[in-house]
Ligand SMILES: Cc1cc2nc3c(=O)[nH]c(=O)nc-3n(C[C@H](O)[C@H](O)[C@H](O)COP(=O)(O)O)c2cc1C
C-alpha cells in the first residue's frame, strides 16, 4: 500500500460523519475517486476485493435511491460499496477492513467525511449494486459527503452511546513479549506513533478488539483479535465485524510506519505464548525489516 501524506494528521482528525451538506461531489472528483478506488484490491492476506463508488450528481439524484441507512445517515453524496469472499478463516474480512480504511483515509485527505456502516445499511440493496459472485458478501459500506457544520441530535446521541470520543489506554491494548507485561511508549520507541494510530482507529460500536504483542528479540509486532463476550454477529445478521476492525488497525499501522520510512512486511509468525487471554486469537505479525 502506498502511504498517504500526513497519515498521522489525517488519522488524528478523522471522526465518523453521519450528517452531510446537501451538496453533490463535482464530476471531476467523482472520476478521481472512482479511478483511485479501483486500485485498492488486496490486503495483507491477498484476498480478492472489489470496490465501487456510487455517487449522486446534480442531474441524477436518483442514483442513491434504495440505498437505505435506516435514517442514520443524512444527505449522503455517495457510498463506497465493497465485496469480498470472507474465506474459511475470515481473513477476507481483515483484508476488507484494511483496504476500505485506506479508502476512508484517502477520502478524508480530499476533505470528505465518511462513516463506516456495518449494521445500519440495507444489505440486500447494496449487494444488488455489486452483482455479487458466488461466496462474496458486502460486510460493510461507507457513506461519503461534505460534513455539515453541526451534527444532528441523533448523531450526537449515537456518539455518546458508543463513547466514540474515547479509546482504551495503552496498557489494555499493547504488550511486550506476552500478555502479562504492558508495553510502554518508551519501549515502543520509533514505533510508538504507529501504535498510537492503531489505538485511535475506528471500530464497530467502538469495541477496539485489537491487541498487539511486541516481541523484542525478533522485532515483530504480533496482532491479535480479542472478541467481546456474547457478541454474535450471525444473530445480528451482520458480518464478523471485529475481523474488519483488525484490518482497519493493520491499515493504520502500515500507513504510519510507511510514512515514517520504516520498512517491514506482514508475515504469519504466531509467537509462542503459553496462555492467551480468553476470546483472543492470533491474526498476523509485522516483521521489521
Ligand atoms: C466496521 C465498522 C462498522 C461500523 N458500523 C456502524 C454502523 O452500522 N452505524 C453507525 O452509525 N456507525 C458505525 N460505525 C462507526 C463506529 O460507531 C465509530 O467508528 C466508533 O464509534 C468510533 O467513532 P469515530 O469513528 O468517530 O472515531 C462502524 C465502524 C466500523 C469500523
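Numbering (our numbering), first residue to last: 517 to 805. Even glycine gets a Cβ: it sits at the ideal position worked out from N, Cα and C.
| message | If I measure Cβ to Cβ from residue 752 and keep anything under 6 Å in the same chain, skipping five residues before and after, which residues do I get? | response | Hits under 6 Å: none found.
| field | Contact set for residue 630: own chain, Cβ-Cβ below 6 Å, skip 5 residues either direction | value | When the five nearest sequence neighbours on each side are left out, the beta carbons in the same chain lying within less than 6 Å of the beta carbon of residue 630 are those of 620, 623, 658, 660, in order along the chain.
| Are the beta-carbon atoms belonging to residue 776 and residue 803 less than 8 Å from one another? | Against a cut-off of 8 Å, the Cβ pair of residue 803 and residue 776 comes out as no contact.
| Thinking C-alpha only, which one of 724, 781, 585, 676 is nearest residue 637? | Nearest C-alpha to residue 637: 585.
| field | Burial state of residue 595 (16 or more Cβ within 10 Å) | value | Residue 595 sits buried, since 16 or more C-beta atoms from the chains shown fall within 10 Å of its C-beta.
| said: For residue 795 and residue 734, I'd like the C-alpha separation in whole angstroms. | reply: When only Cα atoms are considered, residue 795 and residue 734 end up about 25 Å apart.
| field | Secondary structure of residue 720, DSSP reduced to three states | value | In the three-state reduction of the DSSP assignment, residue 720 falls in the helix class.
| task | Take the Cβ of residue 771 as the centre, count every other Cβ of all protein chains shown within 10 Å, and call the residue buried at 16 or more, exposed below. | result | Buried, by the Cβ-count rule.
| query | Which of helix, strand or coil does DSSP assign to residue 622? | reply | Looking at residue 622 - three-state DSSP - the assignment turns out to be helix.
| query | Does the beta-carbon of residue 700 have 16 or more other beta-carbons within 10 angstroms, so that it is buried, or is it exposed? | reply | Residue 700 should be labelled exposed.
| query | From 759, 526, 773, 747, pick the residue whose C-alpha is nearest to that of residue 625; which is it? | reply | Taking only the C-alpha atoms, the option nearest residue 625 is 526.
| task | Scan the segment 715-794 and note each continuous alpha helix (DSSP H) run of 4 residues or more that stays entirely inside, going in chain order. | result | Restricted to the segment 715-794, the alpha helix (DSSP H) segments that are unbroken, complete and at least 4 residues in length are 749-752, 757-776, listed in chain order.
| request: Just list the beta strand (DSSP E) runs in the segment 531-557, keeping only unbroken ones of 3 residues or longer that don't cross its boundaries, in chain order. | output: Runs of the beta strand (DSSP E) inside the segment 531-557: none found.
| For residue 798, which three-state DSSP category applies? | Under the three-state reduction of DSSP output, residue 798 falls in the strand class.
| query | Can you tell which of 723, 632, 605 has its C-alpha closest to the C-alpha of residue 598? | reply | The option with the nearest alpha carbon to residue 598 is 632.
| task | Please classify residue 803: does DSSP put it in a helix, a strand, or coil? | result | DSSP, reduced to helix, strand and coil, places residue 803 within a strand of the structure shown.
| When you compare only the Cα positions, how much space is there between residue 557 and residue 616? | Spanning the two alpha carbons is a distance of roughly 10 Å.
| Hey, would you say residue 761 sits closer than 8 Å to residue 723, going by beta carbons? | Their beta carbons are under 8 Å apart, which means residue 761 touches residue 723 by this criterion.
| query | Any heavy atom of ligand 1 closer than 7 Å to the CB of residue 761? | reply | Yes, since a heavy atom of ligand 1 falls inside the 7 Å radius drawn around the Cβ of residue 761.
| task | At 3 residues or longer, and completely inside the segment 576-646: list those beta strand (DSSP E) runs for me, N to C. | result | Taking 3 residues as the shortest admissible run, the segment 576-646 contains the following complete beta strand (DSSP E) segments, listed from N- to C-terminal end: 594-600, 629-633.
| CB-CB under 6 Å to residue 739, same chain, minus the five flanking residues each way: which ones, in chain order? | Here the set comprises 728, 799, 800.
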